[in-house]
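In the working numbering, the protein residues as written are 12 to 297. From the three backbone atoms N, C-alpha and C, an ideal C-beta is built for every residue, glycine too. Please read these numbers as outputs of a predicted model, since none were measured by experiment.
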């Protein structure tokens with residue numbers, strides 16, 4: 012899994028990607044990526060990892076009631092998990108293709124960017140976002156969540172973060188440098204630091220934005236759930252095209268990357284065990 016995009020243009024120069032650039036490290040500016048996942052919504056729903064039941068149950072237990080808003084719900088992966096745990100879920104999703112599949116699979120879904128979405132008189136016991144909050148302006152997202160929540164309701168953005176084994180990470184990085192040299196994603200980061208550490212930087216920014224939301228929320232907490240999943244070669248190669256770095260590639264470009272990663276999986280016996288950490292920022296509306 013690459014780190015979050017760090018520029019406002021897929022053809023950004025090295026200078027534009029420097030941390031001092033005001034658009035650096037602001038993934039919500041990359042609407043081209045954020046709204047590209049519906050290119051193959053069926054694959055996305057099939058391949059993307061689910062969230063650990065321990066996290067789902069913890070959110071349900073902490074929320075004051077069962078009414079839940081799922082921000083950036085995609086095809087409804089997390090929404091269906093919360094529904095199975097007894098929640099009534101409304102999704103908000105900007106990509107009409109993803110929203111249509113979410114509806115077909117059982118989640119009522121409004122098509123809108125969360126920053127533009129209006130709750131009207133609707134109020135919720137929890138606002139969650141599964142691996143989606145980085146596509147939302149942090150200040151506007153916190154303000155909108157405060158508007159949508161009942162007093163005492165929870166705001167819980169959370170992420171599945173994969174620690175890709177070094178041999179696979181190197182195979183991806185090598186292939187990406189040939190196929191998409193101007194990518195705003197940092198694939199080499201997986202070889203030099205923990206992906207959890209990289210995402211933790213963003214979680215801290217999300218918590219800071221919550222603190223700055225006019226005192227609407229209590230002090231944010233950080234939750235973490237560690238788990239792992241063993242993929243076959245075919246299953247992991249099904250996951251890769253659903254990641255934001257690859258959703259806009261031409262078929263021949265994607266095939267080159269998948270061939271390189273497939274060879275690396277073959278070299279390790281045809282399967283790969285991926286350690287995951289599911290990270291959450293949790294706060295309560297005052």
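Asked                                                                                                                            : Found
Any alpha helix (DSSP H) of 4 or more consecutive residues that is wholly inside the stretch 85-153                              : 88-95 and 107-115
According to DSSP, residues forming a beta bridge with residue 284                                                               : 241
Nonlocal neighbours in the same chain, by C-beta distance under 6 angstroms from residue 167, ignoring five residues either side : 70, 139, 291 and 293
Residues near residue 50 by beta carbon distance below 7 angstroms, same chain, minus five either side                           : 258
Proximity of residue 187 and residue 287 at Cβ, strictly below 8 angstroms                                                       : no
Helix, strand or coil at residue 291 according to DSSP, with G and I counted as helix                                            : strand
The stretch 215-228 in contact with the stretch 143-161 per 3-pair CB rule at 8 angstroms                                        : yes
Which of helix, strand or coil DSSP assigns to residue 38                                                                        : helix
Spatial distance of residue 153 from residue 228 (CA atoms)                                                                      : 9 angstroms
Which of helix, strand or coil DSSP assigns to residue 77                                                                        : coil
Distance CB(residue 120)-CB(residue 97) smaller than 8 angstroms                                                                 : no
Distance CB(residue 277)-CB(residue 244) smaller than 8 angstroms                                                                : yes
Cβ-based burial, residue 68 [other Cβ within 10 Å; buried from 16]                                                               : exposed
Residue from 80, 113, 284 and 79 with nearest C-alpha to residue 238                                                             : 284
Backbone secondary structure at residue 69 - three-state DSSP                                                                    : helix
Segment contact flag, the stretch 182-202 with the stretch 158-165, C-beta cutoff 8 angstroms, min 3 pairs                       : no
For residue 195: DSSP bridge partner residues                                                                                    : None; residue 195 has no bridge partner.
Contact belief for residue 157 with residue 74 at Cβ below 8 angstroms, rounded distance in angstroms                            : About 16 angstroms separates the two Cβ atoms, so there is no contact after all.
Segment limits, alpha helix (DSSP H) that includes residue 224                                                                   : Note, residue 224: premise wrong, no alpha helix (DSSP H); not H, not E.
The beta strand (DSSP E) enclosing residue 54, as first and last residue numbers                                                 : Per DSSP, residue 54 belongs to no beta strand (DSSP E); it is in the alpha helix (DSSP H), 52-58.
DSSP three-state assignment for residue 233, whether helix, strand or coil                                                       : strand
Residue 182 - containing alpha helix (DSSP H), residue span                                                                      : 177-190
Residue 63 versus 124, 230 and 89, residue with shortest Cα-Cα distance                                                          : 89
Exposed unless 16 or more other CB atoms sit within 10 angstroms - verdict on residue 59                                         : buried
Spatial distance of residue 57 from residue 114 (CA atoms)                                                                       : 15 angstroms
Rounded Cβ spacing between residue 207 and residue 174 (contact assumed at less than 8 angstroms)                                : 7 angstroms
Inter-residue spacing [alpha-carbon to alpha-carbon] between residue 289 and residue 170                                         : 5 angstroms
CB contact flag (residue 82, residue 93, <8 angstroms)                                                                           : no
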